[in-house]
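Using the working numbering, the first residue of the sequence shown is number 15, and each one after it goes up by one.
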Amino acid sequence: MPAESNPAQAVLAGLLNLSCLGLGYALLKQWRWAAVCWVATAALLLVALPADVDGVPTGVLVAYGVFLLAAAVDGARRGLRAPLALGGAGAAPASTPAARRLALPLALAVVLLAVPVGGSVAYGVARDEAREQSLLDFLATADALVKSGEGQSFTSAEHNYGKALTAYQDLGTNHAGSRAARLVPDRLAAYFTTVASAYENKRYCDAVPALKHLRELPEKVDRALLTGLVGKADDPLAHSWYECGIAGLGAAGSETTAGEHLNALLSTFPQSSYARQVEPTVRAAIRTKSAGLTGDSADPCTAVEELRRVSTTVGLLPEATFAAASRDAGRAIESGDFGCGVKQFKAKSYTDAVQTMKDFAEKYPTSSRAAHARSIAIAAEIADEEPAAGRQLPPAKAPGGSRMVMVVSNDGPGEVELLYTGPVSGRVTLKACGSCTAYRGSLALNAPKIKACQGPSSKYPKTTLLLPAGNYHFLQKRDSSIGSYASDKASTHKIEAGYSYTNCLYVTSGFGF
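Here it is in structure tokens:
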């Protein structure tokens, strides 16, 4: 006769199977099914332990949960009529000793339900700790990236800085509340110090890109994480722009960069103390460099190049504010260009002096020194052929008093340019004599002297010079393509008061014996 149903016993077996240990089957002495529960639980433990950040895959948890429910239902089904050693075969009234004996195992089964629940809680705690450690490791990796930038320029370390900053932002916003996230504000403060190290070491030009980056942090990182850092880069950046821009005044290759730095300062921090210093400092720099144009040890050629670079930088700055500085630089450059030409002349660098003084006269046609510059250029051109012409500078002003007439004629087949220097300097050009030919000369002792300009006066192109008394150096320059023996010919003449002079320019084709 089958055993009567025993609901309490069924509940007991089902609850015991929910403990993950298959105790319901053990109670029923269903050892094979109990072993199945043990294997399933062991498999779950192998997958779950040790606890990591990702936890147990959802599919495994769902499968194991379904398995436990199935085991509980199956255990309850089997325990409904199965005889137990606790109460013998068949059901007994609730008042019998057998029913009371089920009460203690039933209470124990309920208590054992705490095993999977407690295990889940403990596993969750372990998983959370693993996640915290993973985030702390992530933070340490970002810290190492920042540390690697020490001693490097910002541009070299910028890539690593960017990766570290992304990590800090991710930790601070996506993992707020974690131990790692609570450390982010301090890490960002250390990040600021590391990136700004060039400024602290007074490497102002290197500091500019780093400080610009730090000033833009509120656009890249949550402001709540930037405790005390918002606006902290403003004053150092203004200072660096100022120092780097002023240091670049007159430096070769820095004209544009200096202008960019100073313009950035003036436009970004117009009310700062550094912006207010720019204009007077620029004018002081111009005065200092202008001092190098004069004096016994002066090198005006070098000084004027520096001034020209300063002027280029000033030209990039706001015109209304720097108009006076621009005028200062312009006057200094004009003086420097003239001084450079004089120095080149005295140093017998005649070719350079010619070019410098020609350029001066063309660039400053209304200058009071333009005429003198042209005279020096003429004297240098003559001195390049006749060194005696370079013994002294031509006078800045022509002497007063009477002037003597010198008629210069061209008895040659080509156009000729005549340069002269002495108490006055100048150059004239005579047209070609259409019917004139080159003279053939000889070096023989008894060879007759060349007699030029012996034909009718009207035959020869001529010009008249009015010269104060004194010693003069002349240089005639004729196109060498006409076959003259020497295309450029230098000569010296003394002009005395009360006399008139003639000067015949001719061409020789060669000398024989």
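All residues carry an ideal CB built from backbone N, CA and C; glycine is no exception. It should be emphasised that the depicted structure is a prediction, and the values quoted were computed from it without experimental measurement.
Asked: Cβ pair count under 8 Å reaching 3, the stretch 261-269 against the stretch 229-240; Found: no
Asked: According to DSSP, residues forming a beta bridge with Ser423; Found: Lys476 and Cys518
Asked: Rounded separation between Thr327 and Ala212 - CA only; Found: 25 Å
Asked: Beta-carbon proximity of Met199 to Ala221, cut-off 9 Å; Found: The sequence given here has Pro at residue 199, not Met. No; because the gap between Cβ atoms is not below 9 Å, this pair is not in contact.
Asked: C-beta atoms of Ala12 and Pro379 nearer than 9 Å; Found: Since the first residue of the chain shown is 15 and the last is 527, residue 12 is not available in this structure.
Asked: Limits of the beta strand (DSSP E) - the one that Ala528 falls within; Found: Nothing about residue 528 can be read from this structure; the chain reaches only from 15 to 527.
Asked: Closest Cα partner of Asn277 within the set Leu153, Ser254, Gly267 and Ala299; Found: Ser254
Asked: Secondary structure of Ile464, DSSP reduced to three states; Found: coil
Asked: With 16 other Cβ atoms within 10 Å as the buried cut-off, status of Asn485; Found: exposed
Asked: Span separating the alpha-carbon of Arg345 from that of Tyr182; Found: 56 Å
Asked: Sequence-distant residues of the same chain with beta carbon closer than 7 Å to Asp425, five excluded per side; Found: Cys447, Cys450, Ala466, Cys467, Tyr474, Cys518, Leu519 and Tyr520
Asked: Length at least 3, wholly inside the stretch 372-455: the beta strand (DSSP E) runs in chain order; Found: 418-425, 430-435 and 440-444
Asked: Proximity winner among Cys258, Thr270, Thr308 and Ser268, relative to Thr295 (alpha-carbon distances); Found: Cys258
Asked: CA-to-CA distance, Cys354 to Lys508, given in whole angstroms; Found: 31 Å
Asked: Length of the line joining the Cα atoms of Ala367 and Gln490; Found: 19 Å
Asked: Boundaries (first-last residue) of the beta strand (DSSP E) holding Ala504; Found: Asp502 to Ile509
Asked: Candidates Arg196, Gln147, His487 and Lys303: closest to Ser439 by CA position; Found: His487
Asked: Contact check, Val430 vs Leu479, beta carbons under 9 Å; Found: no
Asked: Cβ pair count under 8 Å reaching 3, the stretch 298-306 against the stretch 283-290; Found: no
Asked: C-beta atoms of Leu307 and Val318 nearer than 9 Å; Found: yes
Asked: Runs of alpha helix (DSSP H) lying entirely within the stretch 283-323, each at least 4 residues, in chain order; Found: 287-304
Asked: Span separating the alpha-carbon of Leu185 from that of Leu153; Found: 8 Å
Asked: Interface flag, His275 vs chain D, CB-CB below 9 Å; Found: No chain D appears in the structure shown, which is made up of a single protein chain.
Asked: Of the residues Gly415, Val442 and Leu150, the one placed nearest Ala190, counting alpha carbons only; Found: Leu150
Asked: Delimiting residues of the alpha helix (DSSP H) encompassing Lys226; Found: Tyr218 to Arg229
Asked: Val244 burial status per 10 Å Cβ neighbour count (16 or more: buried); Found: exposed
Asked: Residue span of the alpha helix (DSSP H) that contains Lys357, given as start and end; Found: Glu333 to Lys360
Asked: Beta-carbon proximity list for Asp373, same chain, < 8 Å, skipping 5 on both sides; Found: Asp351
Asked: Which residues DSSP lists as bridging Phe488, in chain order; Found: Tyr434 and Ser505
Asked: Limits of the unbroken alpha helix (DSSP H) element including Arg193; Found: Arg193 to Val209
Asked: For Ala204, the nearest candidate out of Trp52, Lys463, Leu159 and Tyr218 (CA to CA); Found: Leu159
Asked: Where Ser471 falls, given that 16 or more other Cβ within 10 Å makes a residue buried; Found: exposed
Asked: Rounded C-alpha distance that separates Ser498 from Tyr453; Found: With a pLDDT of only 49 at Ser498, under 50, the local geometry of the prediction cannot be trusted, and no value is derived from it.
Asked: C-alpha gap between Thr522 and Ala339, whole angstroms; Found: 57 Å
Asked: Sequence-distant residues of the same chain with beta carbon closer than 6 Å to Ala57, five excluded per side; Found: none
Asked: C-beta atoms of Val208 and Gly163 nearer than 9 Å; Found: According to the sequence displayed, residue 208 carries Thr and not Val. For Thr208 and Gly163, yes; Cβs fall inside 9 Å.
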